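Quick note: the sequence shown uses UniProt numbering, first residue 1, plus one each step. A short write-up of the structure that comes next.
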Amino acid sequence: MDQSPTLSRFDEFYKHRTPPWVIGEPQPAVVALVDAGQITGRVLDIGCGTGEHTILLAGAGHDVVGLDGAPTAVDQARRNAAAKGVPARFEVADALDLGSETTYDTVIDSALFHVFDDADRARYVTSLHAVTRPGSVVHLLALSDAGRGFGPQVAESTIRDAFRDGWVVEELSSTSYRGVVTDLHADLLDLPVGSTVNEPAWLARIRRL
1 MDQSPTLSRF DEFYKHRTPP WVIGEPQPAV VALVDAGQIT GRVLDIGCGT
51 GEHTILLAGA GHDVVGLDGA PTAVDQARRN AAAKGVPARF EVADALDLGS
101 ETTYDTVIDS ALFHVFDDAD RARYVTSLHA VTRPGSVVHL LALSDAGRGF
151 GPQVAESTIR DAFRDGWVVE ELSSTSYRGV VTDLHADLLD LPVGSTVNEP
201 AWLARIRRL
């Protein structure tokens, strides 16, 4: 499997172009979770990017913090929150080493899990374990291996295997992930740059034991 992208690579991406996962709004699958009352307690938006989900949750009154390893993304997220008048909190942090000083009841992972290689995926799940407690829930949205190569893709078995020890996968269903076509994918998808796509994805609800 390919190696996980470095944090510096992500930061450079945010500095020099708009990533295809930045759509200017929350993912519909995450909005549906919020509307269904699935987001409770203290919330971590891990890999928050430019902050759309953190802003959504903070605006709805949730106790939430958005973390990302790319300082440029966090700066953009703070500007986005200020522009919307939402007092959202953002911090720079390494998802592979979150520490254990703060624990969360709900974790939202929108398109982070699928970027990791096998070794870093195990480190990531261990890191999530350290910042959750028994009963905490991770909502994981990841591009599916049924997709067209819009980004890194994972199989259902990859998710289940990663969360085998110390967790239970309560639900894992098919959904979609919204993105914007850039020059990186225009030829592959045979679509013009700027097109919106809804690619196959997994949505998992995973509970910490």
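Using N, Cα and C, we set each Cβ at its ideal position, and we do this for glycine too. Note that the structure is a prediction, hence the values are computed from the model and not measured.
Hey, Thr175 and Thr106: beta-carbon distance below 8 Å or not? no
Contact the region 20–28 vs the region 85–102: 3+ CB pairs below 8 Å: no
Inspect the beta-carbon positions of Ala95 and Ser136 and report whether they are closer than 8 Å. no
Measuring straight from C-alpha to C-alpha, what distance separates Asp187 and Val197? 14 Å
Nearest to Leu189 by CA position, among Gly147, Ala201, Glu170, Pro19, is which residue? Gly147
Take Thr50 and list the residues in its own chain whose beta-carbon comes closer than 7 Å to its own, dropping the five residues that flank it on each side. Val22, Ala73, Gln76, Ala77, Asn80
So Pro26 is in the alpha helix (DSSP H); what residue range does that whole segment cover? Per DSSP, Pro26 belongs to no alpha helix (DSSP H) and is neither H nor E.
Can you tell me whether Met1 is buried or exposed, with buried defined as 16 or more other CB within 10 angstroms of its CB? A caution first: Met1 carries a pLDDT of 43, below 50, which makes its placement in the model unreliable, though a value can still be read off. Flag for Met1 reads exposed.
For Glu52, which option in Ile108, Arg9, Ala36 has the closest C-alpha, if you only look at C-alpha atoms? Ile108
Considering only their Cβ atoms, is the gap separating His185 from Ala142 smaller than 8 Å? no
Residues bridged to Ile108 by DSSP? Asp45, His139
Taking the Cβ atom as the reference point for each residue, do Gly47 and Asp68 lie within a distance shorter than 8 Å? yes
What span of residues does the beta strand (DSSP E) with Pro20 cover, start to end? Run containing Pro20: none; DSSP gives neither H nor E here.
Going by alpha carbons, who is nearest to Asp118 out of Glu171, Ala111, Asp161? Asp161
Can you have a look at Thr102 and say buried or exposed, based on whether 16 or more other CB atoms are within 10 angstroms of its CB? exposed
Same chain, Cβ closer than 6 Å to Gly85, five either side skipped, listed in chain order: none
Whole angstroms is fine: what's the gap from Val34's alpha carbon to Gly59's? 12 Å
Give the DSSP bridge partners of Val168, in chain order. Arg207
Using 8 Å for Cβ pairs, my map puts Val181 next to Leu191. What's the rounded Cβ distance? 5 Å
Whole angstroms is fine: what's the gap from Ser100's alpha carbon to Ala83's? 32 Å
Cutoff 7 Å; reference Gln153; Cβ partners in own chain excluding five residues on either side: His114, Leu143, Ser144, Asp145, Gly147
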